[in-house]
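K.L.:
Dropping the structure in here first, questions after.
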Amino acid sequence: MLRVLFVGDVYGQPGRRVLANHLPTIRRSFDFVIVNGENAAGGFGLHREAADAILKAGGDCITLGNHAWHHKDVFSLMLDEEHYPIVRPLNYADPGTPGVGWRTFQVRGADGTRERLTVVNVLGRVFMEAVANPFRAMDELLEREGLGNVFVDVHAEATSEKAALAWHLDGRVAAVIGTHTHVPTADTRILPGGTAFQTDAGFTGPLNSIIGADPEGPIQKFLTERPHRFGVAGGLAELNGVIVQMAGGKALAAERYRYAEEG
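The structure is reproduced here in structure tokens:
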């Protein structure tokens, strides 16, 4: 059995701080930790400093999303597969897209046995930029490869699309957990076929914010109907995630996880 912690979108320096301060204190409770680093660099994308911080805190794999290409650093990080276990979205149509959309790890469980864990990242298409069909991309991957326990980070806007993908993959993967909207949902469950699902894991970043941004920027955008710069909010931060226990390609248990700084 594997006990996996998935940490929702790390947002800017406050997200990296709470991850660095809290993850090491709980790391021994998990066999593997997946961290979505989609917003770790100033709220947009991933750079070397953010990737190093996530791995130093105890992350074993970094997933991305629609801001994957925001920083030039990410291209060299994806090429350095030995030091940077990054999984970018699988469903880009261009076969020349840098990096990989899935990785398989040999993970030792608490009982000493090893199991394969495959981490996959896919992008949704509803209210998002145009990419290849995530449903078809997952079908093709699962038909082509023997992947063991499969954990899918679905980075998407629409709750219906995330749920539909989870039901489509039910019984074929161990977990489908959503990211991107930064608000944790209260629908953690195991579907009939044995797939753990939560529409959104929530994010890891500043508490007093609008999904990570200082409130003034989003408020002015809504008031004026014009673009405004979004700065990263300061102050206390929280960490949100999902814990999934899995074995034999199925989920045995799933629960939300949340930690908030005090001060």
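With my numbering, letter number 44 in the sequence shown gets 90, and the count goes up by one each step, no holes. Even glycine gets a Cβ: it sits at the ideal position worked out from N, Cα and C.
1. Could you spell out where the beta strand (DSSP E) holding H201 opens and where it closes?
2. Give me the residue from Y138, D233, M292, A220 with the minimum Cα distance to A178.
3. From the DSSP output, read off the bridge partner residues of W148.
4. Am I right that H113 and E84 are in contact with their C-beta atoms under 8 Å? What's the rounded C-beta distance?
5. Which residues in the same chain have their Cβ closer than 7 Å to the Cβ of P238, if we skip the five residues on either side of it in sequence?
6. Going straight from the alpha carbon of G194 to that of G280, what length do you get?
7. Excluding the 5 residues flanking A232 on each side, which residues of the same chain have their C-beta closer than 6 Å to its C-beta?
8. Under 8 Å, do I236 and D199 count as touching if we go by C-beta distance?
9. What did DSSP end up calling R154 once you bin it into helix, strand or coil?
10. Determine the DSSP secondary structure at D270, reduced to helix, strand or coil.
11. If you follow the beta strand (DSSP E) that A221 is in, where does it begin and where does it stop?
12. Going by DSSP, what residue range makes up the alpha helix (DSSP H) through K208?
13. Kindly give me the distance between the Cβ atoms of V172 and A212, rounded to whole angstroms, as I take these residues to be in contact under 8 Å.
14. Measuring CB to CB, does A283 end up less than 8 Å from V79?
15. Could you tell me the alpha carbon to alpha carbon distance between V133 and F151, rounded to whole angstroms?
16. From what residue to what residue does the alpha helix (DSSP H) around G258 run?
17. With a Cβ-Cβ cutoff of 8 Å, do R302 and V290 count as a contact?
18. Below 8 Å, can you find three or more Cβ-Cβ pairs linking the region 241-248 to the region 260-270?
P.N.:
If we stick to the structure as given:
1. 195-201
2. Y138
3. V166
4. 6 Å
5. D216
6. Taking the straight line from one Cα to the other gives about 41 Å.
7. none
8. no
9. R154 falls in the strand class under three-state DSSP.
10. First, the residue type needs correcting, since residue 270 is Thr and not Asp in the sequence shown. Note: T270 maps to helix in three-state DSSP.
11. 221-225
12. Segment 205-215, the alpha helix (DSSP H) holding K208.
13. Wrong, their Cβ atoms sit about 15 Å apart, outside the cutoff.
14. no
15. Note on geometry: alpha-carbon atoms of V133 and F151 lie some 12 Å from one another.
16. Secondary structure note for G258: it is in no alpha helix (DSSP H), with a DSSP letter that is neither H nor E.
17. no
18. no
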